[in-house]
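Chains as they are written, first to last, in this note's numbering: chain A, 4 to 154; chain B, 4 to 154; chain C, 4 to 154. Structure first, then comments.
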Amino acid sequence: MVVINLENPAVRSYMVYSAILALKLLSVSVLTAMNRMARGVFANPEDAKTHPKGKVKFDDPNVERVRRAHLNDLENIPAFWILGALYVATGPAPAWAAWLFRAYTAGRVLHTLVYAVTPLPQPARAIAFFVPYLIMWYMGIQVVLNFATAL
Amino acid sequence: MVVINLENPAVRSYMVYSAILALKLLSVSVLTAMNRMARGVFANPEDAKTHPKGKVKFDDPNVERVRRAHLNDLENIPAFWILGALYVATGPAPAWAAWLFRAYTAGRVLHTLVYAVTPLPQPARAIAFFVPYLIMWYMGIQVVLNFATAL
Amino acid sequence: MVVINLENPAVRSYMVYSAILALKLLSVSVLTAMNRMARGVFANPEDAKTHPKGKVKFDDPNVERVRRAHLNDLENIPAFWILGALYVATGPAPAWAAWLFRAYTAGRVLHTLVYAVTPLPQPARAIAFFVPYLIMWYMGIQVVLNFATAL
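This is how it looks when you write it as structure tokens:
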């Protein structure tokens with residue numbers, strides 16, 4: 004029987020990396036705001052009024068790049084939160100689970116860096132995308148196989 | 004007292020359908036990438052350079068359609084993950100909960116198919132949207148009523 | 004030892020406010036649909052056909068404003084669902100946790116109202132954004148400190 008409690012090291016590892024990923028996701032909001040302020044580029048007239056050279060503009064390349072990185076986070080990180088929790092419930096070896104969570108987190112942090120902070124040529128972003136992406140598929144397939152009798 | 008453990012069939016049902024929904028959500032990333040590659044339409048200059056006829060373009064109708072389907076998933080599937088978990092904690096009849104989760108999952112899979120894979124006239128997408136949507140409202144109201152003393 | 008069960012008042016508080024936030028998030032879909040119907044402004048040709056004066060248009064200011072409010076919810080509310088659950092697992096004083104969850108929920112409801120229902124001048128939306136945002140950072144840092152040995 005799999006025991007899901009706070010003494011289980013796989014559970015603790017899931018918890019700390021999920022929190023780090025949440026804070027990383029939240030940091031992108033600050034990055035967007037900093038880019039908007041630096042360029043005076045806003046999405047709403049009431050925001051533009053707060054800045055001496057503020058204007059409403061939807062196609063600033065730097066702001067839009069950060070917004071795409073943000074959206075990519077939303078397409079991936081919440082899926083990790085659920086898949087990671089369900090995967091831990093399949094009772095993986097804690098050390099193996101911890102390395103998957105570390106690699107996932109490192110990949111997503113690098114993704115933001117090479118997409119929105121210092122844009123790098125491909126395949127930098129592709130690698131930073133696919134390592135976490137494949138870890139999610141692996142975890143998801145393990146969960147479906149483990150609980151397939153509940154379909 | 005409601006027992007939330009991995010022997011509870013409602014819990015197991017929630018787990019397997021949540022994982023399927025996560026993998027379905029992740030599949031849309033592949034669908035977007037395939038559409039971008041087939042048309043040579045990319046969002047970033049560093050991506051366009053990897054394709055013989057690649058260009059940066061933000062209004063390709065096929066790519067944007069897949070992106071709208073993706074965003075609609077983000078507006079709905081993470082809400083299922085939390086509401087489904089909380090709903091299971093209200094102690095529903097497991098067979099009833101399982102049918103709600105099956106209908107939800109079927110609706111969201113159909114939504115992607117009729118939106119992004121083979122666009123169909125309305126009300127195909129509206130039906131595929133509203134069945135899961137109403138299931139979420141039903142589950143959410145049950146949770147609020149059940150835990151209203153904690154407000 | 005922290006006990007995570009349904010008798011723990013911090014758990015119950017987390018559950019009811021998470022459900023309310025989910026229903027709030029789902030309500031924005033209705034708000035978008037109402038704005039689209041009132042203006043006959045749609046994102047897909049098959050939708051425009053269902054409306055006597057329907058057209059495909061991507062820059063209606065009112066519809067886009069609601070869509071930005073929706074995206075801001077997606078950037079914040081799922082992060083609350085995970086951080087709130089993990090924070091409860093650190094064993095906070097239940098009354099303190101409940102007030103954080105109440106303030107978070109009130110902030111996000113106000114954010115939608117001043118962004119998408121009745122647009123107000125800044126700093127109305129900034130305040131409604133930053134109170135929940137800072138609560139998430141506080142909870143996330145508590146979780147990382149509490150489970151740092153699992154890194």
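Every residue, glycine too, gets a C-beta built ideally from N, C-alpha and C.
Asked: Less than 6 angstroms between the CB of C:Tyr20 and some heavy atom of the ligand ATP, yes or no?; Found: Because no ligand of any kind appears in the structure shown, any question about the ligand ATP cannot be addressed here.
Asked: Going by DSSP, what residue range makes up the alpha helix (DSSP H) through C:His54?; Found: No alpha helix (DSSP H) contains C:His54, which DSSP labels as neither H nor E.
Asked: State whether the region 8 to 19 of chain A contacts the region 130 to 150 of chain C, with contact taken as three or more CB pairs (one from each stretch) at a distance under 8 angstroms.; Found: yes
Asked: Output, in sequence order along the chain, the residues in the region 5 to 25 of chain C whose CB is closer than 7 angstroms to any CB in chain B.; Found: Leu9, Pro12, Arg15, Ser16, Met18, Val19, Ser21, Ala22, Ile23, Ala25
Asked: Name the residue from C:Asn38, C:Tyr107, C:Trp102, C:Thr115 whose alpha carbon lies nearest to the alpha carbon of C:Leu28.; Found: C:Thr115
Asked: Going residue by residue through the region 48 to 114 of chain C, where are the continuous alpha helix (DSSP H) segments of at least 4 residues, counting only ones entirely within it?; Found: 48 to 51, 64 to 91
Asked: Just checking my contact of C:Leu77 with C:Met142 at CB under 8 angstroms: how many whole Å lie between their CB atoms?; Found: Not a contact, Cβ separation roughly 19 angstroms.
Asked: Between A:Ala100 and chain B, is the shortest Cβ-Cβ distance under 7 angstroms, so that the two count as touching?; Found: no
Asked: Near A:Val31, what residues of its chain come up, given a Cβ to Cβ distance below 8 angstroms and the 5 sequence neighbours on each side ignored?; Found: Val69, Ala72, His73, Asp76, Thr115, Ala119
Asked: Closer than 7 angstroms, Cβ to Cβ, to anything on chain C: give me those residues from the region 33 to 65 of chain B, in chain order.; Found: none
Asked: For a contact meaning CB atoms closer than 9 angstroms, what does A:Asn103 contact in chain B?; Found: For the sequence presented, residue 103 of chain A should be read as Leu rather than Asn. Result: empty, since nearest Cβ-Cβ is about 15 angstroms, beyond 9 angstroms.
Asked: Since B:Ala101 and B:Ile138 are thought to touch, with beta carbons under 8 angstroms apart, how far apart are those beta carbons, to the nearest angstrom?; Found: 12 angstroms between Cβ atoms; not a contact.
Asked: Taking CB distances under 7 angstroms as the criterion, tell me whether C:Ile138 reaches chain A.; Found: no
Asked: Looking at the structure shown, is C:Phe133 part of a helix, part of a strand, or coil, going by DSSP?; Found: helix
Asked: Output the distance between the C-alpha atoms of B:Ala92 and C:Val66, rounded to the nearest integer angstrom.; Found: 36 angstroms
Asked: Suppose you measure from the CA of A:Glu14 to the CA of B:Leu103; what does that come to, to the nearest Å?; Found: Checking the sequence shown, residue 14 of chain A turns out to be Val, not Glu. Spanning the two alpha carbons is a distance of roughly 28 angstroms.
Asked: Using 8 angstroms for Cβ pairs, my map puts A:Ala25 next to C:Ala82. What's the rounded Cβ distance?; Found: 5 angstroms
Asked: Between the Cα of B:Gly110 and the Cα atoms of B:Pro135, B:Leu89, B:Leu34, B:Thr121, which residue gives the shortest distance?; Found: B:Pro135
Asked: Taking Cβ-Cβ distances below 7 angstroms as the criterion, which residues of the region 75 to 97 of chain B are in contact with chain C?; Found: Leu77, Glu78, Pro81, Ala82, Ile85, Leu86, Leu89, Ala92
Asked: Since B:His73 meets chain A, which of its residues come closer than 8 angstroms, beta carbon to beta carbon?; Found: Glu78
Asked: Name the residues in the region 110 to 136 of chain C whose C-beta lies less than 9 angstroms from a C-beta of chain A; which are they?; Found: Tyr118, Pro122, Leu123, Pro124, Gln125, Pro126, Ala127, Arg128, Ala129, Phe132, Tyr136
Asked: Provide the residue span of the alpha helix (DSSP H) that contains A:Tyr20, from first to last.; Found: 12 to 42
Asked: Does the Cβ of A:Ile130 have 16 or more other Cβ atoms within 10 Å, making it buried, or fewer, making it exposed?; Found: exposed
Asked: Applying the criterion that 16 or more other CB atoms from any shown protein chain within 10 Å of the CB defines a buried residue, is A:Trp84 buried or exposed?; Found: buried
Asked: Sort B:Asp50, B:Val59, B:His54 by Cα distance to A:Pro124 and report the nearest one.; Found: B:Asp50
Asked: Would you mind telling me which residues of chain A sit closer than 8 angstroms to C:Ala153, beta carbon to beta carbon, in chain order?; Found: Pro12, Arg15, Ser16, Met18, Val19, Ala101
Asked: Examine chain B for any beta-carbon lying closer than 7 angstroms to the beta-carbon of A:Val161, and answer yes or no.; Found: Since the first residue shown for chain A is 4 and the last is 154, residue 161 of chain A is missing from the structure and cannot be characterised.
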